[in-house]
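Protein chains: 2
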Amino acid sequence: MGDWQEITGGVTAARGYKAAGITAGLKPSRLPDLALILSDVDAIAAGVFTTSHVKAACVDYCRQRLQAKHSARVILCNAGQANAATGSQGVKDALETVDLLAKELRISPEAILLASTGVIGQRIKMDALRRGIPKLVAALAEDGSDAAAGAIMTTDLVTKSIALETSINDRPVRIGGIAKGSGMIHPNMATMLAFVTCDAAVSSTLWQQMLTRAADRSFNSITVDGDTSTNDSLIALANGESRTPAITEMGAEAEKLEAMLTAVCQHLARAIARDGEGATCLVEVKVTGAPDETAARQIAKTIAGSSLVKSAIFGRDPNWGRIAGAAGRAGVPFEQENLQIKLGNFLLFENGQPLPFDKASVSAYLKQAAAGAYMKEDTVLISVTVGNGNGTGKAWGCDLSYDYVRINAEYTT
Amino acid sequence: MGDWQEITGGVTAARGYKAAGITAGLKPSRLPDLALILSDVDAIAAGVFTTSHVKAACVDYCRQRLQAKHSARVILCNAGQANAATGSQGVKDALETVDLLAKELRISPEAILLASTGVIGQRIKMDALRRGIPKLVAALAEDGSDAAAGAIMTTDLVTKSIALETSINDRPVRIGGIAKGSGMIHPNMATMLAFVTCDAAVSSTLWQQMLTRAADRSFNSITVDGDTSTNDSLIALANGESRTPAITEMGAEAEKLEAMLTAVCQHLARAIARDGEGATCLVEVKVTGAPDETAARQIAKTIAGSSLVKSAIFGRDPNWGRIAGAAGRAGVPFEQENLQIKLGNFLLFENGQPLPFDKASVSAYLKQAAAGAYMKEDTVLISVTVGNGNGTGKAWGCDLSYDYVRINAEYTT
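Those protein sequences? They're chains U and E, same order as listed. Counted the way our numbering counts, the first sequence spans residues 1 to 413. Counted the way our numbering counts, the second sequence spans residues 414 to 826.
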């Protein structure tokens, strides 16, 4: 663990933030569907967005906004309709949403960032949204994080939230985050969303660099079913309300802040993987000995994403052959003779050859590691060494169960 | 269809070939497990092998053999043990196998190519193999293709075989092929194998180039579960016994031969996809309008390999959103406004937006296209246009069913 402690409060744990979540009537279910995060003052803003070439209006909007100006005060998120593949009308709806909220909050439209999640090809229900915005603003509260975390959910089974605190210059600095998963239970329903708040003072260039690296080590290292959404967005605000000196270049304090930001993102990413559709357990793959971190992560992601590995873990089967096979096809060259595979603490494969092992003991480990209570830290750990390089990387995933197929096949559009 | 006709005979349809398949006792099931293909004369030989960095002894052996000498007379294939991840002893076993067979056939060891399929990490049962080789050679026959096709199977439900005939210089030229699928029912059991025989006379450089392109348009364009095996091998012999003039450069005759070779490979590849574990139907994805063929195929493969698309097809659900999502994340840039999606003849998405469609009719199409009798040509056809480019590409896959999970989870090592 790092040099920080876990605290309560989610995105409102950091100073100078309020949040809200309400039911505006966008979802047919009448569950909460509109979330707002507000910084009391202008905050440095950074974002990482889907790399898909089919993307939502809000993604285009945020990318352009953050290119023009590296600060913001507000993140508005609706659930129910993804506003993706909705053409020019979808763009108009996004702009109208920004204007409505700016008027209600009496701030500049430029201070607002947007996210949407829900059914692709559906416009936001603008009547419900228009009626909802005043109610949403009225609900803003210093303990509003859980309400916001609930309102961004679609098919998630649980909310995902975390807050950490460290000390910089003897003053507390906090980072909080909420997220929703890549659950795709509903047809055309997508999206990994994460919103992070921080009260440190940090330069916009550095904050964006930190966020990009943290995303690579967290959200970009999880795989539920390999599909990337049209709406995936990670937005992070840093408002300086901790009153600590501005961090403008890498150094001990910047590293401390980045490590805590990475920990927040990894917590949320693990929670998303654990909540993957039909998942019965969380799987962590750690790769060492690769030429560099990127190569290590690529091998880890290939293993975590392999349908054969995922099926074997669902069957609690110590199938080292499928792990070796996935490692071999990850696109990173290595000498088979250097390959080593461990499940938990059990060494199954070394020097390019399988080792004899007590199958009952390894299966017992798998059952125990997979049996962790929902959202606990229990994890099936796969450790793979591919050589003598310095590159280390991790990836997270879940097993592949009957329920994944049921959820995704039996729902019809 | 091309300028050829389908004939019977598999790999022994081409002149100058014999084949055999026997039970040597390598498989616990006592089903046939040893196959041999022999050309009466030295044949030009080409191969395409797994790109995995974890690979079998036979793959290393064949690669080195074909680099040193571009001809061969024999393909020997055992099923039961993959002889992958078996270290230096595995290499010794492969070399001993070659020597034994060379003595039995009274030919040079250099004329022999090897393939293995079965359990990774297991050596070939050499006692059974030694006893089997004389029996195998004694069984060689001009109608031995079906026996060979049966003996290379592992978890395949049906044999895969094809032969086509065309005319070059008014003389018949034939290409035949047999294959086995990527079924991974058994733990650590892998491997896509295909063996092709041809009686044309063709230069070794041209034959290898033709085979590489044909593999890209067939075996490299199918996806069952995204996993690549340690043993994947495609080997093609061309022995000149058609007595047609040698084809040494590209031109009308070379194109005719390559088109027929590609058709043979595509037939076998489609049969493998249709026989994917738990598959209930074959899915063909055709992408047009891409910058080039490679880009088109990349999009097609991403769609065919998407777990969400595969689950939707298992549910017979016209879920254009998942197809659009997979196209968007394939890594090929395109303008969303140019995206068009069809299921069969039904246009579902155009100009970046979904179209209204009669859901009952499209679902009926899906049910009908998926209901084709096993191994028939019936196919669920997904057509995607991404722009105005000339690049066209196809990929094949199957749906994702409960049985896939059952097969891969419930079997334990």
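C-beta: ideal position from N, C-alpha, C; glycine also.
Interface flag, residue i vs chain E, CB-CB below 8 Å
{"i": "R329 of chain U", "result": "yes"}
{"i": "G393 of chain U", "result": "no"}
{"i": "N408 of chain U", "result": "yes"}
{"i": "F314 of chain U", "result": "yes"}
{"i": "S401 of chain U", "result": "yes"}
{"i": "V54 of chain U", "result": "yes"}
{"i": "A324 of chain U", "result": "yes"}
{"i": "V287 of chain U", "result": "no"}
{"i": "A369 of chain U", "result": "no"}
{"i": "T385 of chain U", "result": "no"}
{"i": "S311 of chain U", "result": "yes"}
{"i": "V405 of chain U", "result": "yes"}
{"i": "G321 of chain U", "result": "yes"}
Among the options, the one whose alpha carbon lies nearest that of residue i
{"i": "C611 of chain E", "options": "E:A628, E:Q622 and E:R587", "result": "E:R587"}
{"i": "E335 of chain U", "options": "U:K301, U:P291, U:S307 and U:G315", "result": "U:P291"}
{"i": "A470 of chain E", "options": "E:G734, E:L518 and E:Q535", "result": "E:Q535"}
{"i": "S29 of chain U", "options": "U:M153, U:L193 and U:K310", "result": "U:M153"}
{"i": "K27 of chain U", "options": "U:M126, U:S88 and U:C265", "result": "U:M126"}
{"i": "P134 of chain U", "options": "U:R213, U:A214, U:S108 and U:A35", "result": "U:A35"}
{"i": "Q5 of chain U", "options": "U:T223, U:N388 and U:E165", "result": "U:E165"}
{"i": "R630 of chain E", "options": "E:S642, E:A665, E:I660 and E:K714", "result": "E:K714"}
{"i": "D3 of chain U", "options": "U:G305, U:A148, U:T191 and U:A263", "result": "U:A263"}
{"i": "K830 of chain E", "options": "E:L681, E:L489, E:D512 and E:S521", "result": "Residue coverage of chain E in this structure runs from 414 to 826, which leaves residue 830 of chain E outside it and unanswerable."}
{"i": "A627 of chain E", "options": "E:V454, E:G460 and E:W733", "result": "E:G460"}
{"i": "K180 of chain U", "options": "U:A84, U:R171 and U:S116", "result": "U:S116"}
{"i": "G435 of chain U", "options": "U:L343, U:F346, U:I44 and U:I178", "result": "Nothing about residue 435 of chain U can be reported from this structure: the residues present for chain U run from 1 to 413 only."}
{"i": "T707 of chain E", "options": "E:G557, E:T805 and E:R543", "result": "E:T805"}
{"i": "L101 of chain U", "options": "U:A364, U:T8, U:G276 and U:R130", "result": "U:R130"}
{"i": "C811 of chain E", "options": "E:G500, E:L721, E:G664 and E:T604", "result": "E:L721"}
{"i": "L752 of chain E", "options": "E:S796, E:D506, E:I525 and E:S558", "result": "E:S796"}
{"i": "V793 of chain E", "options": "E:W809, E:N801 and E:N803", "result": "E:W809"}
{"i": "T12 of chain U", "options": "U:K103, U:G144, U:V74 and U:N220", "result": "U:G144"}
Short CB-CB distance (under 8 Å) between residue i and chain U
{"i": "L721 of chain E", "result": "yes"}
{"i": "T568 of chain E", "result": "no"}
{"i": "M597 of chain E", "result": "Since pLDDT at M597 of chain E reaches only 48, below the 50 mark, its modelled position is unreliable, and the value read off the structure follows with that caveat. Yes, M597 of chain E lies at the interface with chain U (some Cβ there is under 8 Å from its Cβ)."}
{"i": "T464 of chain E", "result": "yes"}
{"i": "A551 of chain E", "result": "no"}
{"i": "G438 of chain E", "result": "no"}
{"i": "N601 of chain E", "result": "Because the pLDDT at N601 of chain E is just 45, under 50, the model does not fix this residue reliably, and the value given afterwards should be weighed accordingly. Closer than 8 Å to some Cβ of chain U, the Cβ of N601 of chain E qualifies, so yes."}
{"i": "I500 of chain E", "result": "In the sequence on display, residue 500 of chain E carries Gly and not Ile. Closer than 8 Å: yes."}
{"i": "K431 of chain E", "result": "no"}
{"i": "G810 of chain E", "result": "no"}
{"i": "A713 of chain E", "result": "no"}
In the stretch 333-363 of chain U, which residues sit with their C-beta less than 9 Å from some C-beta in chain E, listed in chain order?
-> Answer in chain order: P333, F334, E335, Q336, E337, L339, F349, N351, G352, Q353, P354, K359 and S363.
Ranges of the beta strand (DSSP E) found wholly within the stretch 681-713 of chain E, counting only runs of at least 3 | Listed in chain order, the complete beta strand (DSSP E) runs (minimum 3 residues) inside the stretch 681-713 of chain E are 695-703.
Relative to chain E, which residues along the stretch 98-124 of chain U have a C-beta separation below 7 Å, given in chain order?
-> Against chain E - using a Cβ distance shorter than 7 Å - the residues of the stretch 98-124 of chain U are I120 and G121.
In chain order, which continuous runs of the alpha helix (DSSP H) of length 4 or greater are located wholly inside the stretch 457-487 of chain E?
-> If one requires a minimum length of 4 residues, the alpha helix (DSSP H) runs lying completely within the stretch 457-487 of chain E are 470-481, in chain order.
Are there three or more Cβ pairs, one per stretch, closer than 8 Å when the stretch 347-356 of chain U is compared with the stretch 400-410 of chain U?
-> The stretch 347-356 of chain U, when compared against the stretch 400-410 of chain U, does not touch it at the 8 Å Cβ threshold.
With 9 Å as the C-beta to C-beta threshold (strictly closer), list the residues of the stretch 229-240 of chain U near chain E in chain order.
-> Within the stretch 229-240 of chain U, the residues whose Cβ lies closer than 9 Å to some Cβ of chain E are S229 and T230, listed in chain order.
For the stretch 646-655 of chain E against the stretch 693-703 of chain E, are there 3 or more C-beta pairs whose distance is under 8 Å?
-> Here the stretch 646-655 of chain E makes no contact with the stretch 693-703 of chain E; the two share fewer than three CB pairs at distances below 8 Å.
Could you tell me whether the stretch 738-745 of chain E touches the stretch 42-55 of chain U, using the rule of 3 or more Cβ pairs below 8 Å?
-> Judged by Cβ distances under 8 Å, the stretch 738-745 of chain E makes contact with the stretch 42-55 of chain U, as three or more pairs qualify.
Just checking, does the stretch 562-576 of chain E make contact with the stretch 611-620 of chain E on the three C-beta pairs under 8 Å criterion?
-> Using a C-beta cut-off of 8 Å, the stretch 562-576 of chain E makes no contact with the stretch 611-620 of chain E, since fewer than three inter-stretch Cβ pairs fall below that distance.
The stretch 35-51 of chain U touching the stretch 722-729 of chain E, judged by at least three CB pairs closer than 8 Å | No: fewer than three Cβ pairs fall under 8 Å.
Counting Cβ pairs, one atom from each stretch, are 3 or more of them under 8 Å apart for the stretch 70-89 of chain U and the stretch 136-156 of chain U?
-> Because the criterion of three Cβ pairs below 8 Å is met, the stretch 70-89 of chain U and the stretch 136-156 of chain U touch.
contact_flag[the stretch 142-151 of chain U, the stretch 16-24 of chain U] where n(CB pairs < 8 Å) is 3 or more | Flag = yes, the stretch 142-151 of chain U and the stretch 16-24 of chain U touch.
For the stretch 157-212 of chain U, which segments carrying the beta strand (DSSP E) assignment without a break, of at least 3 residues, lie completely within its bounds, in sequence order?
-> Considered as a whole, the stretch 157-212 of chain U harbours 160-168, 171-180 and 193-198 as its complete beta strand (DSSP E) runs of no fewer than 3 residues, in chain order.
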